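Just below is one structure, and these are the notes that go with it.
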Amino acid sequence: MKLFNTAERKIETLKTIEDGKVRIYTCGPTVYSAPHIGNFASYIYWDLLVRALKAEGYKVTRVLNLTDVGHLASDADDGEDKMEKGAKKEGKTVWEIADFYISKYMNDFHALNLVEPTKICRATDYIKEDMAAVDAMTKNGFTYETSDGIYFDTSKYNNYAKFANLDLENIKAGARVEFNDEKRNASDFAVWKFIKPGENHAMRWDYLGRPGYPGWHLECSTIIDTELGEPIDIHTGGIDHIPVHHTNEIAQTYAISGKKLANYWLHCNFINIDGQKISKSLGNIYTIEDLVERGFSPMDFKLWILQGHYQSDRNFTFESLDAAKNRRLNWRNRIALCLQNPGRDCGFTRESLQNVLSAVSNNLNSAEAFAIIDNSKLTYEDWVAIDELFGLNLINDSPDISDVQKALLKERKQAREAKDWQKSDDIRHELELQGITIKDGPTGQIWQYLN
Ligand SMILES: [Zn+2]
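See below:
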């Protein structure tokens, strides 16, 4: 398996810490509003990563976190808390908001047939570990206290700028407008925030003799330490995580234990909608539910995502989703052909399936793999393997027709032989109402799925 490692800025062959085993951590969502299709793009790319590793025989252990606490509206440590904001807007408690959107997120997660992580961790279940982590960072001399929290002193970590190739001078210049003049360096960040007397903040824990809550970067360091142990093999996230969130995760873990956090870092790019950034003000936020309401399967969207590469910018349009839907229908009808002619659609050797696997092993090049699928003759068994690799529900959504339908087909064949065109058309019409259409060709009639 070759992957683009952000830390080394090049494609590298994966070497796992333990032979045949791979440990992965994925930064999950902040659960304060409905996840949209742009959020799910990354989870689809990482689903392919997990499936491809499994196809290569790796035993995958993967942890995903759910940020249900203390994620402020900006990467800086000010602005409104996203959870509090969501709760206020909907007249619910922050705990209700978290539960509600976690169940929404998991519904879509399952609708997209994404492989269930080994463990899904809620940030609020790791508060004790967070406190211990702040203790350790403080003991090791990496933090200082201000009036509003405990901050990480980034000047104490020599490699702070390395991962993201940060220009710290530039950050300093840009930060002059910031109002927090208690920070020693512009890139310093809160590992723990204090709640001021009178401040309305529902999620609060007592630490250092006063109420507060963890800084949002901290949970990933503590969850990885608790559940996987450093270094892990692969850490995944969006490219927006590189300069702040992942940079801070690396710094924290070093400050806590002196350890390296991860050996390989994978980052995916964003998707745009109709050439524009996804934003509330543009009204172009679509959820998986919205796509279903418009007549698409979540699998059509998954296939659309996998037609492109995780490192490229993508532009989502409903026309392109339509094309993905047709491609999937075409593949399902090739499976239907296999069902009708067992062993016949296999003019090729297993070579083409091997080529599909090789394309995916090459930095997850699913676009190339799909082109190979389009141009190869494949057996039913090949399709089963392809479905396992991409998780597109091709086999599940392509059932054989029923005995009653088979009997109708036989009847239609006899009607055509007797030149009873009316009856033949009636049967075709009846089957079309059941989602099956019939094509008459040189080898006789074949059935296909209509949608
Ligand atoms: Zn994270």
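First residue of the sequence shown: 7, per the numbering used here; consecutive thereafter.
Glycine included, every Cβ here is placed at the ideal spot set by N, Cα and C.
Given the structure is predicted, the values throughout are model-derived calculations rather than measurements.
query: Rounded to whole angstroms, what's the CA-CA distance from H241 to N119? Just pull it up for me.; result: 21 Å
query: Given 8 Å as the limit, tell me if N171 has its C-beta closer than that to any heavy atom belonging to ligand 2.; result: This structure simply doesn't include ligand 2; it includes ligand 1 instead.
query: I need the boundaries of the beta strand (DSSP E) containing F158, first residue and last residue.; result: 155-158
query: Could you tell me whether any non-hydrogen atom of ligand 1 is closer than 8 Å to the CB of G243?; result: yes
query: In whole angstroms, give me the CA-to-CA distance for S303 and L297.; result: 7 Å
query: Would you say the beta carbon of H273 is closer than 8 Å to some non-hydrogen atom of ligand 1?; result: no
query: Does ligand 1 have a heavy atom nearer than 8 Å to the CB of N71?; result: yes
query: Below 8 Å, can you find three or more Cβ-Cβ pairs linking the stretch 254-267 to the stretch 278-290?; result: no
query: Does the Cβ of G218 have 16 or more other Cβ atoms within 10 Å, making it buried, or fewer, making it exposed?; result: buried
query: Closer than 5 Å between the C-beta and any heavy atom of ligand 1: which residues qualify, listed along the chain?; result: C33, C226
query: Looking only at its own chain, which residues have a Cβ that is under 6 Å from the Cβ of A167, when we skip the five neighbours before and after it?; result: L174
query: Among T253, D25, F115, G244, which one has its Cα closest to the Cα of T160?; result: T253
query: Going by C-alpha to C-alpha distance, which of W52, R57, G63 sits closest to L6?; result: What is shown of the chain runs 7 to 457, which leaves residue 6 out entirely.
query: Mark P220 as exposed unless 16 or more other C-beta atoms lie within 10 angstroms of its C-beta, in which case mark it buried.; result: buried
query: So, are the CB atoms of A421 and K429 less than 9 Å apart?; result: yes
query: Quick one: is I17 buried, meaning 16 or more other Cβ sit within 10 Å of its Cβ, or exposed?; result: exposed
query: Give me the Cα-Cα distance between G34 and F396, rounded to the nearest whole angstrom.; result: 21 Å
query: Of the choices W389, N171, W310, I103, whose alpha-carbon is the least far from that of L72?; result: I103
query: Out of curiosity, what's the CA-to-CA distance linking T36 and Q454?; result: 42 Å
query: Look at the alpha carbon of R210 and the alpha carbon of A138, and state the distance between them as a whole number of angstroms.; result: 16 Å
query: With T32 as the anchor, note down where its beta strand (DSSP E) starts and where it stops.; result: 27-32
query: Taking only runs of the alpha helix (DSSP H) that begin and end inside the stretch 216-266, which ones reach a length of at least 4 residues, in chain order?; result: 224-233, 253-263
query: Nearest-angstrom Cα distance between D306 and I156?; result: 46 Å
query: Got a sec, what are the start and stop residues for the beta strand (DSSP E) F200 sits in?; result: 195-200
query: Leaving out five residues on either side along the sequence, give the residues of the same chain with a beta carbon under 8 Å from the beta carbon of I108.; result: V37, L72, D74, R128
query: Under a Cβ-count criterion, where at least 16 other Cβ atoms within 10 Å of its own Cβ denotes burial, should Q440 be classed as buried or exposed?; result: exposed
query: So, are the CB atoms of W194 and F158 less than 9 Å apart?; result: Per the sequence shown, residue 194 should be read as Asp rather than Trp. Closer than 9 Å, so yes.
query: CB-CB under 7 Å to D25, same chain, minus the five flanking residues each way: which ones, in chain order?; result: none
query: Leaving out five residues before and five after E357 in sequence, what residues of the same chain have Cβ atoms less than 6 Å from its Cβ?; result: none
query: Please give me, in chain order, every unbroken run of the alpha helix (DSSP H) with length at least 4 that falls completely inside the stretch 387-438.; result: 409-423
query: So, at 8 Å on beta carbons, what are the nonlocal neighbours of V366 in its own chain, with the 5 sequence-adjacent residues on each side left out?; result: L54, A58, A61, S372, A375, L395
query: Here's the rule: buried if 16 or more other CB atoms are within 10 angstroms of the residue's CB, otherwise exposed. What is V56?; result: buried
query: Just how far apart, CA to CA, sit C274 and L370?; result: 11 Å
query: Any contact between the stretch 139-150 and the stretch 319-336? By contact I mean 3 or more CB pairs, one from each, below 8 Å.; result: no
query: DSSP state of I23, grouped into three classes?; result: coil
query: Just mark E14 as buried or exposed, buried being the case when its beta carbon has 16 or more other beta carbons within 10 Å.; result: exposed
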